[in-house]
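S.K.: Just passing along the structure, written as structure tokens.
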Amino acid sequence: MTTNEDIVSELCSRVFASLPRRDQRQRGEQYVRGLLTTPGRKSVRNIASGAGGGSAVQRLHHFVACSTWDWLPVRAALASHLQDIAEPVAWVVQTLAIPKSGVHSVGVGRRLVPQTGQTKRGQHALGVWLTAPAMSTPISWRLLLPERWIRDDGLRRRAEVPERASYETLEQSVVAAVTETRTANVLRRPVLLDAPGAWARPTVLRAFADADIPLVARVPAGTRMIMADRSMPGYGVGPLSAQRLLMSVRGLGRRVEWHDAAQGTLRTSTAVMVPVRTAHSTDVTAERRLYLLGEWDDLWRSPTRIWLTDLAAPVGGLLRLTKVTQRVSHALATTGKRVGLLDFEGRSYPGWHRHATLASVAHAACLLAGAGAVVGPADPATNSPLLTA
Numbered sequence: 011m012t013t014n015e016d017i018v019s020e021l022c023s024r025v026f027a028s029l030p031r032r033d034q035r036q037r038g039e040q041y042v043r044g045l046l047t048t049p050g051r052k053s054v055r056n057i058a059s060g061a062g063g064g065s066a067v068q069r070l071h072h073f074v075a076c077s078t079w080d081w082l083p084v085r086a087a088l089a090s091h092l093q094d095i096a097e098p099v100a101w102v103v104q105t106l107a108i109p110k111s112g113v114h115s116v117g118v119g120r121r122l123v124p125q126t127g128q129t130k131r132g133q134h135a136l137g138v139w140l141t142a143p144a145m146s147t148p149i150s151w152r153l154l155l156p157e158r159w160i161r162d163d164g165l166r167r168r169a170e171v172p173e174r175a176s177y178e179t180l181e182q183s184v185v186a187a188v189t190e191t192r193t194a195n196v197l198r199r200p201v202l203l204d205a206p207g208a209w210a211r212p213t214v215l216r217a218f219a220d221a222d223i224p225l226v227a228r229v230p231a232g233t234r235m236i237m238a239d240r241s242m243p244g245y246g247v248g249p250l251s252a253q254r255l256l257m258s259v260r261g262l263g264r265r266v267e268w269h270d271a272a273q274g275t276l277r278t279s280t281a282v283m284v285p286v287r288t289a290h291s292t293d294v295t296a297e298r299r300l301y302l303l304g305e306w307d308d309l310w311r312s313p314t315r316i317w318l319t320d321l322a323a324p325v326g327g328l329l330r331l332t333k334v335t336q337r338v339s340h341a342l343a344t345t346g347k348r349v350g351l352l353d354f355e356g357r358s359y360p361g362w363h364r365h366a367t368l369a370s371v372a373h374a375a376c377l378l379a380g381a382g383a384v385v386g387p388a389d390p391a392t393n394s395p396l397l398t399a
């Protein structure tokens, strides 16, 4: 019979195979097990206390903060292993705000959190999550650096920020994160972006089109688009806000039932999808049709959420697909917190990335062990969502 110990050992042996030395592979598994078993905050000192303390603190600190192992092959191995076990339905890109009161941790600064519309101080990152019918787990991370961390040579030097790191807008960071993940030979699946942004810009759409990555992205209500269906209201008028376009066709909406991951209940929304073009004069989507998806909790009000996509899928399946972003938020708040995704106390750029990578392995191990390494459909409404109306 396979035990939880076996599952963790098997996962670690696969994802740490790229580490060149045996002691590094041992430290990797020791750190992951510490993240899974240490109560409270997952600092190196607390993790090491369960491994005998003393010299273990120095060994684990060096392994995360000062060692030379590359985290990218570990992330690629994690993605490959997980998609073999649980075939993903989508890759979700979500922002993560990590509160920090000090000024020395790498990347600390004030930045807008797209989901809330609030500016928060701390570290800010992007996570790429694998979402399957019964699991949501991160496979890659990108730390967003404020401009002062890019301009200040002293800050860069102390935090070991590599020369290749530069300031990026949210849209640039998302494209870079997804492109980096695609080089890890992940399966071609839609990328969901649950952070309202300027996703209708030609440069963003071209990047996803060139990478052959289907896109489903939340857009602000004021995003200007052009109706592409001559039988619909607004055709021939020119650029209109996404909200106005959708309000003009809300009478065509259909009721869609979906599973609320936060509440564990079934809910119903009204949804409508219409073909559109971008409002830019140099339209890069001439050969790749776009659609606006609107969702209403109350048809007498404005759409609750608006998505831009190039997936020609049934409206019910597409709306249910967008709900996997809720499962990512729930996984981050529960399992992610448990394995210490927010708990790195070091100050360096490499240390942050190594901790985030190891915490992602622990996150996957936690889910696989809890499921007995058999990942089956937990929610029929999101199993093969693009095939259901």
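Residue numbers for the sequence shown follow the numbering used here, so the first one is 11 and each next one is one higher. Beta carbons are placed, not taken as given, at the ideal position from N, Cα and C, and that holds for glycine.
Among the residues of its own chain, which have a CB less than 7 angstroms from the CB of A379, if the five just before and after it don't count?
M.R.: For A379, where only same-chain residues beyond five positions count, the Cβ hits under 7 angstroms are N14, I17, V18.
S.K.: Could you say which of V259, S339, L136, A323 lies nearest to L309 if we only look at CA atoms?
M.R.: Nearest option by C-alpha distance: V259.
S.K.: Quick one: what's got a C-beta closer than 6 angstroms to D353's C-beta in the same chain, skipping five residues either side?
M.R.: Around D353: R51, K52.
S.K.: Are at least three pairs of beta-carbons, each pair with one atom in the segment 227-235 and one in the segment 266-276, less than 8 angstroms apart?
M.R.: Counting Cβ pairs under 8 angstroms, fewer than three are found: no touch.
S.K.: The ligand ZN and L342: does any heavy atom of the ligand fall closer than 7 angstroms to the residue's C-beta?
M.R.: No copy of the ligand ZN occurs in the structure displayed, which carries no ligand at all.
S.K.: Would you call K347 buried or exposed, if buried means 16 or more other Cβ atoms sit within 10 Å of its Cβ?
M.R.: Under this definition K347 is an exposed residue.
S.K.: How many Å lie between A369 and I316 at the Cα?
M.R.: Each residue's Cα considered, the two are about 32 angstroms apart.
S.K.: Quick check on the DSSP output: the beta strand (DSSP E) that includes R228 runs from which residue to which?
M.R.: Segment 225-228, the beta strand (DSSP E) holding R228.
S.K.: Which runs of the beta strand (DSSP E) at least 3 residues long sit entirely within the segment 299-330? Give them in chain order.
M.R.: Correct list: 300-306, 315-319.
S.K.: Can you pull the DSSP bridge partners for P109?
M.R.: BP columns for P109 point to G132.
S.K.: Would you give the residue range spanned by the beta strand (DSSP E) that M242 belongs to?
M.R.: Unbroken run through M242: none, as it is neither H nor E.
S.K.: Residues in its own chain within less than 6 angstroms of G356 by CB, not counting five upstream and five downstream?
M.R.: Here the set comprises A75.
S.K.: Determine the closest residue to V338 out of F73, V102, P98, with distance taken between C-alpha atoms.
M.R.: With distances taken between Cα atoms, V338 lies closest to V102.
S.K.: Terminal residues of the continuous alpha helix (DSSP H) containing D270?
M.R.: D270 -> not in any alpha helix (DSSP H); beta strand (DSSP E) instead, spanning 264-270.
S.K.: Does DSSP put V185 in a helix, in a strand, or in coil?
M.R.: Three-state result, V185: helix.
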